[in-house]
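Asker: Starting off with a structure, shown below.
Numbering (the working numbering), first residue to last: 5 to 397.
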């Protein structure tokens, strides 16, 4: 259970084995050489070798269709790889599949992009030559994205964009942003753009440091920044639809990374309890600890099972919308509960800043808020249930 096999799928089994080997071997050695910790200040020069090497090994953009250089993975297969990334504990793990600024961020954009946009922006990301970020969140526009104040004003040859985006993950390493802005003088029309981050009137600054301690967030500040018409993604007014169009899929595909981290927390707790001497015996011999570990493993099995069941439905052509809300809610809550119990088992040793279980605890606490807080997921569940039954909600 803590090291799942995929023997019924030889392609996936080979990918998972290769990914594990790279994460625990070559990438671990590279991070040690750089002296990286989860709270280290990262530079693009540190990430680029990982992008290129991951592409050489076939991991970078592996989910993309074959004509775009990938292997056309199913959602379930991609989830299995993301779970391994989450379980690895590597600082640069999100760069291996291209989760931060790479192909995983742009896969759904291809269907909306023009040939010019594909050649200039998207394919260089696939080739590990360029990196992107997404810029939608603002200080007053998180879950309620329609409160955004960044505006795009039509002018000759394009648009003038003014606003302040926050939590643009990976922005300090990116060449361009896929940015959503409100169409000027409109209450409910939004546009998405490719914005070159070195454009006049655009600047990227380091963002606030989140609970995880990772130095990966940025602010994108625009003041009368000109964006040419050819950089409009889709049509005017389609910005939010494009940005949120794959929300069910994205919600589900965030879960495996959290599952991987929870899996690692169980392994750390097991290993610690099996070696820690307490009152003349091992900690794992105490029934109270055994029951904690049993509950953690049961929670993990339940969360993992429901996630992969929903992903299988997605692969079968269904639209598991309510299930995606349920998965995000349950995985977020139970994964954090697992991490919390792992810290409890470690005692004060787990509360040391930078200890492996401390890092997992902080990351999984954030997952209860990121990509839709648990309260938002509950709202979605009851809304979908009420709609199905014809009841008001």
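All C-beta atoms, glycine included, are put in the ideal place defined by N, C-alpha and C.
1. Where do the ends of the alpha helix (DSSP H) carrying residue 312 lie?
2. Are the beta-carbon atoms of residue 155 and residue 167 separated by less than 8 Å?
3. Determine, using beta carbons only, whether residue 89 and residue 261 come nearer to each other than 8 Å.
4. Exposed or buried, what is residue 58 when buried is set at 16 or more other beta-carbons lying within 10 Å of its beta-carbon?
5. How close, in whole Å, do the beta carbons of residue 336 and residue 372 come, if the pair is a contact with beta carbons under 8 Å?
6. Which residue marks the beginning of the alpha helix (DSSP H) containing residue 3, and which one marks its end?
7. In chain order, what residues of the same chain lie with their CB nearer than 7 Å to the CB of residue 147, ignoring the 5 residues before and after it?
8. Residue 94 and residue 35: beta carbons closer than 8 Å?
9. Cβ atoms of residue 170 and residue 142: under 8 Å apart, would you say?
10. Taking the C-alpha atoms as reference points, what is the distance between residue 251 and residue 258?
11. Output yes or no for whether 8 Å exceeds the beta carbon distance between residue 16 and residue 60.
12. Rank 229, 191, 178 and 27 by C-alpha distance to the C-alpha of residue 205 and give the top, closest one.
13. For the beta strand (DSSP E) containing residue 162, list its first residue and its last residue.
14. Who does residue 156 pair with in a DSSP beta bridge?
15. Could you check whether residue 270 and residue 6 sit closer than 8 Å to each other, using their CB atoms as the reference points?
16. Considering only residues of the same chain and omitting the five flanking positions on each side of residue 266, which have a CB-CB separation below 6 Å?
17. Return the chain-ordered ranges of every beta strand (DSSP E) run that is complete within the segment 67 to 147 and spans a minimum of 3 residues.
18. Which one of 70, 308, 40 and 197 has the shortest CA to CA distance from residue 130?
19. So for residue 54, helix, strand or coil by DSSP?
20. Pair every Cβ in the segment 235 to 249 with every Cβ in the segment 208 to 227, then say whether three or more of these pairs are closer than 8 Å.
21. On the criterion of 16 or more Cβ atoms from any shown chain inside 10 Å, does residue 99 qualify as buried, or is it exposed?
22. Kindly give me the distance between the Cβ atoms of residue 208 and residue 222, rounded to whole angstroms, as I take these residues to be in contact under 8 Å.
23. Assess contact between the segment 386 to 393 and the segment 320 to 330, defined as three or more Cβ pairs (one per stretch) separated by less than 8 Å. Is contact present?
24. Identify the residues that DSSP records as bridge partners of residue 285: which are they?
25. Over what stretch of residues does the alpha helix (DSSP H) that includes residue 4 continue unbroken?
26. Short of 7 Å in beta carbon distance, which residues of its chain neighbour residue 369, apart from the five on each side in sequence? Order them along the chain.
27. For a test of the three-state rule: what should DSSP assign to residue 176, helix, strand or coil?
28. Rounded C-beta distance between residue 65 and residue 73? I'm assuming under 8 Å.
29. Among 374, 151, 195 and 21, which one has its Cα closest to the Cα of residue 255?
30. So the candidates are 273, 279 and 307; which of them puts its Cα closest to the Cα of residue 348?
31. Verify whether the separation of the beta carbon atoms of residue 136 and residue 200 is less than 8 Å.
32. Secondary structure at residue 64, three-state DSSP: helix, strand or coil?
33. So, is residue 120 buried or exposed, given that buried needs 16 or more other C-beta atoms within 10 angstroms?
34. Please list, in chain order, all residues of the same chain as residue 362 whose beta carbon is under 8 Å from its beta carbon, the five residues on each side excluded.
35. Taking 8 Å as the threshold (C-beta atoms), are residue 31 and residue 50 in contact?
Answerer: Let me lay it out:
1. Within the chain shown, the letter at position 308 stands for residue 312. For residue 312, the uninterrupted alpha helix (DSSP H) run begins and ends at 291 to 319, by DSSP.
2. The residue given as residue 155 occupies position 151 in the chain shown. The residue given as residue 167 occupies position 163 in the chain shown. Contact flag set, yes.
3. In the chain shown, residue 89 corresponds to position 85, counting from 1. In the chain shown, residue 261 corresponds to position 257, counting from 1. In this structure, residue 89 sits near residue 261, with a CB-CB distance shorter than 8 Å.
4. In the chain shown, counting from the first residue as 1, residue 58 sits at position 54. Residue burial is scored here from C-beta neighbours: residue 58 has at least 16 other C-beta atoms within 10 angstroms and is therefore classed as buried.
5. The residue you call residue 336 lines up with position 332 of the chain shown. The residue you call residue 372 lines up with position 368 of the chain shown. A Cβ-Cβ separation of about 5 Å places residue 336 in contact with residue 372 under the 8 Å criterion.
6. Within the shown structure, residues of the chain are numbered from 5 to 397, placing residue 3 beyond reach of any answer.
7. Stepping through the chain shown from its first residue, residue 147 is reached at position 143. Around residue 147: 376, 377 and 380.
8. Numbered from its first residue, the chain shown carries residue 94 at position 90. Numbered from its first residue, the chain shown carries residue 35 at position 31. Yes, the pair counts as a contact, with Cβ atoms nearer than the cut-off.
9. Taking the chain shown and counting its residues from 1, one reaches residue 142 at position 138. Taking the chain shown and counting its residues from 1, one reaches residue 170 at position 166. In this structure, residue 142 places its C-beta atom within 8 Å of the C-beta atom of residue 170.
10. Start at 1 with the first residue of the chain shown, and residue 251 comes out as number 247. Start at 1 with the first residue of the chain shown, and residue 258 comes out as number 254. Residue 251 and residue 258 have their C-alpha atoms some 10 Å from each other.
11. The residue labelled residue 16 in the question sits at position 12 within the chain shown. The residue labelled residue 60 in the question sits at position 56 within the chain shown. Result no, Cβ atoms of residue 16 and residue 60 do not sit closer than 8 Å.
12. If you number the chain shown from 1, residue 205 lands on position 201. Looking at 229, 191, 178 and 27, the one whose alpha-carbon comes closest to that of residue 205 is 229.
13. Stepping through the chain shown from its first residue, residue 162 is reached at position 158. First-last of the beta strand (DSSP E) with residue 162: 162 to 169.
14. Position 152 of the chain shown, counted from the first residue, corresponds to residue 156. Residue 156 pairs with 165 and 187.
15. Within the chain shown, residue 6 is the residue found at index 2, counting from 1. Within the chain shown, residue 270 is the residue found at index 266, counting from 1. For residue 6 and residue 270, yes; Cβs fall inside 8 Å.
16. Within the chain shown, residue 266 is the residue found at index 262, counting from 1. These residues qualify, in order along the chain: 304, 339 and 342.
17. Note on the segment 67 to 147: whole beta strand (DSSP E) runs with a minimum of 3 residues are 136 to 139, in chain order.
18. Your numbering for residue 130 matches position 126 in the chain shown. Among 70, 308, 40 and 197, the Cα nearest to that of residue 130 belongs to 70.
19. Within the chain shown, the letter at position 50 stands for residue 54. Three-state result, residue 54: helix.
20. Contact between the segment 235 to 249 and the segment 208 to 227 is not established, with fewer than three Cβ pairs separated by less than 8 Å.
21. As a position in the chain shown, residue 99 is number 95, starting the count at 1. Around the beta carbon of residue 99, 16 or more other beta carbons sit within 10 angstroms, so the residue counts as buried.
22. Along the chain shown, one-based indexing puts residue 208 at 204. Along the chain shown, one-based indexing puts residue 222 at 218. Correct: roughly 5 Å between the Cβ atoms.
23. As far as the Cβ criterion goes, the segment 386 to 393 touches the segment 320 to 330, which means the pair count is three or higher.
24. Taking the first residue of the chain shown as position 1, residue 285 is located at position 281. Under the DSSP definition of a beta bridge, residue 285 partners with 282.
25. With the chain running from 5 to 397 in the structure shown, residue 4 is simply not present.
26. By one-based count along the chain shown, residue 369 stands at place 365. Cβ neighbours of residue 369 beyond the five flanking positions: 215 and 340.
27. Residue 176 sits at position 172 when you count from the first residue of the chain shown. Note: residue 176 maps to helix in three-state DSSP.
28. Position 61 of the chain shown, counted from the start, is the residue given in the question as residue 65. Position 69 of the chain shown, counted from the start, is the residue given in the question as residue 73. With 8 Å as the limit, residue 65 and residue 73 qualify as a contact, their Cβ atoms being about 6 Å apart.
29. What you label residue 255 is simply residue 251 of the chain shown in a count that begins at 1. When each option's Cα is compared against that of residue 255, the closest is 374.
30. For this step, residue 348 is matched to residue 344 along the chain shown. Per the Cα distances, 273.
31. Indexing the chain shown from 1 puts residue 136 at position 132. Indexing the chain shown from 1 puts residue 200 at position 196. Contact flag unset, no.
32. Within the chain shown, numbered from 1, the residue matching residue 64 stands at position 60. Coil.
33. As a position in the chain shown, residue 120 is number 116, starting the count at 1. Exposed, since its Cβ has fewer than 16 Cβ neighbours within 10 Å.
34. Along the chain shown, read from residue 1 onward, the residue named residue 362 stands at position 358. Cβ neighbours of residue 362 beyond the five flanking positions: 347, 354, 355 and 356.
35. In the chain shown, the residue the question calls residue 50 occupies position 46. In the chain shown, the residue the question calls residue 31 occupies position 27. Result no, Cβ atoms of residue 50 and residue 31 do not sit closer than 8 Å.
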